[in-house]
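> Residue numbers (the working numbering): 9 to 377. Please see the structure below; I have some questions.
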């Protein structure tokens, strides 16, 4: 009897428990899923100056140089310099044997004296009506001709001496003393290495936009022989015809004097020029972002597409798209002409899964233990 009652009580308790469970509403038993906020990698749009510095390989060259030659031919009678020798403006560098040129001067002087004498007699005779005007004109023309010949022969004699056109160093001497040389044949190469220039090349899409570069553009220059020392240069000139091999255009900087380095600079040394392209172009510098931060968006209504980036808003912790205008590709970055400002926070990766006003959080690298 007691055993039967105990079984009945257990069954009743089970039924009551089942009833209580079934009475609970589905809403009370449903587990609410938490919203997952995905992390995104952000970049802070940097100042445009740092993003537009480009490095160009270059070469040092003398700011002033000349290949020297005689204006007349003859035999060298003296060669007064050797390669590497410093000279001053006006120093006598070489002379030709002047013998034949002196004889020509003497002959010209004799002809000129005779022409003067003849002209004097004809002039007196014309006043006395003892000769004709045509004879007078002929004598005058002969005098002028011999005078010019004398002047020319004296010049030719003077051309037998070669002088230094400016202070500098004799870079090379290409002849030997007592050698016969022709007129305009190069004898030696002189350079002014007290001031140096840096020659480098830029592509056509840059040189075509050079507007009004000024001395305000002072790029850094690094010489390979002294890579830890920083030199500075100012814009000097640029070519408007391209190099036949590289199809690029030459730009020349004047290297400024520096007291911090004792390196003896020579033409031909290799260098690197860090230059702000925006200042070189004489226009506003633009912003660059990683290529992965830009995507194309389709406009179904106009059947066109345009470029966008995703901007992170700290106040709402969400992202929104912004249309941008693209410029040129620079390695792994793309130039942004319009649409971005310094200090904008741009999503740098995984942008194709983003949507407007999507909640995100900045991704940070986890530290190891």
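Virtual Cβ for every residue (Gly too), placed ideally from N, Cα, C.
Three-state secondary structure (DSSP) at residue 208?
Residue 208 carries a strand assignment under DSSP once its states are collapsed to helix, strand and coil.
> Have a look at the DSSP bridge pairing and note the partners of residue 243.
261
> Can you confirm whether the region 362 to 370 touches the region 322 to 330 when touching is taken to mean that 3 or more C-beta pairs between the two stretches lie within less than 8 Å?
Taking a contact to require three or more Cβ pairs closer than 8 Å, the region 322 to 330 and the region 362 to 370 qualify as touching.
> Would you identify the three-state DSSP class for residue 299, choosing helix, strand or coil?
If DSSP states are grouped into helix, strand and coil, residue 299 belongs with the helices.
> Count the other CB atoms, across all protein chains shown, that sit within 10 Å of the CB of residue 69; report buried if there are 16 or more and exposed otherwise.
buried
> Taking the continuous alpha helix (DSSP H) assigned at residue 186, which residues delimit it?
No alpha helix (DSSP H) holds residue 186; DSSP gives it neither H nor E.
> Counting C-beta neighbours from all protein chains within 10 Å, is the total for residue 199 16 or more, i.e. buried, or is it exposed?
buried
> Report the rounded CA-to-CA distance for residue 113 versus residue 184, giving the unit in angstroms.
27 Å
> Alpha carbon to alpha carbon, what distance is there between residue 283 and residue 58?
Any reading at residue 58 must be qualified, since the residue scores a pLDDT of 46, below 50, and its modelled position is unreliable; the value itself is stated next. Between residue 58 and residue 283, the C-alpha separation is close to 10 Å.
> Provide the residue(s) that pair with residue 46 in DSSP beta bridges, ordered along the chain.
Answer is 368.
> Could you give the distance in angstroms between the alpha-carbon of residue 96 and the alpha-carbon of residue 174?
6 Å
> Are the CB atoms of residue 89 and residue 101 nearer to each other than 7 Å?
yes
> Taking contact to mean at least 3 C-beta pairs separated by less than 8 Å, is the region 201 to 217 in contact with the region 256 to 264?
yes
> Whose C-alpha, out of 266, 306, 158, 304, is nearest the C-alpha of residue 110?
158
> Quick one: what's got a C-beta closer than 7 Å to residue 358's C-beta in the same chain, skipping five residues either side?
48
> Could you pull out every unbroken beta strand (DSSP E) segment of at least 3 residues lying fully inside the region 62 to 135, listed in chain order?
Assignment of beta strand (DSSP E) within the region 62 to 135, counting only whole runs of 3 or more residues, yields 82 to 87, 100 to 104 in chain order.
> For residue 45 versus residue 354, is the C-beta distance shorter than 7 Å?
no
> Indicate the three-state DSSP secondary structure (helix, strand or coil) for residue 37 in the structure shown.
Low per-residue confidence applies at residue 37: pLDDT is 45, beneath 50, and the placement is therefore not dependable, though the value from the model is reported in the following sentence. Correct three-state label for residue 37: helix.
> Spatial neighbours of residue 33 within its chain, please: C-beta separation below 7 Å, excluding the five flanking residues on both sides.
Since pLDDT at residue 33 reaches only 47, below the 50 mark, its modelled position is unreliable, and no value is offered.
> Assuming residue 234 and residue 271 make a contact with CB atoms under 8 Å, what is their CB distance in whole Å?
5 Å
> Which residues mark the beginning and the end of the alpha helix (DSSP H) in which residue 146 is found?
Unbroken alpha helix (DSSP H) run through residue 146: 141 to 166.
> Determine whether the beta carbon atoms of residue 196 and residue 181 lie at a separation below 7 Å.
A Cβ-Cβ contact shorter than 7 Å links residue 196 with residue 181.
> Quick check on residue 53: does DSSP put it in helix, strand or coil?
coil
> Taking Cβ to Cβ, would you say residue 295 is nearer than 7 Å to residue 61?
no
> Taking just the CA atoms, how far does residue 128 sit from residue 135?
11 Å
> How close, in whole Å, do the beta carbons of residue 266 and residue 243 come, if the pair is a contact with beta carbons under 8 Å?
That pair is no contact at about 18 Å.
> For residue 279, write down the residues that DSSP places opposite it in a beta bridge.
66, 231
> Determine which residues share a DSSP beta bridge with residue 346 and list them.
Per DSSP, 333.
> Among 176, 318, 230, which has the Cα closest to the Cα of residue 370?
318
> With 16 other CB atoms within 10 Å as the buried threshold, where does residue 37 fall?
Confidence in residue 37 is poor, its pLDDT being 45 and thus under 50, which makes the residue's placement too unreliable to answer from.
> For residue 280, which residues of its own chain have a beta-carbon under 8 Å away from its beta-carbon, when the five flanking residues on both sides are left out?
63, 64, 65, 66, 229, 230, 232
> Using 10 angstroms around the beta-carbon of residue 227, count the other beta-carbons present and answer buried if the total reaches 16, otherwise exposed.
buried
> Measure the C-alpha to C-alpha separation of residue 223 and residue 303 and round it to an integer number of angstroms.
With a pLDDT of 49 at residue 223, under the threshold of 50, the predicted position of this residue should be treated as unreliable, though the coordinate-derived value follows. Using only the alpha carbons, I get a separation of about 39 Å.
> Could you check which residue in 225, 341, 320 has the C-alpha nearest to that of residue 351?
Of the candidates 225, 341, 320, the residue whose Cα lies closest to the Cα of residue 351 is 320.
> Answer with buried or exposed for residue 78, where buried requires no fewer than 16 other C-beta atoms within 10 angstroms of its C-beta.
buried
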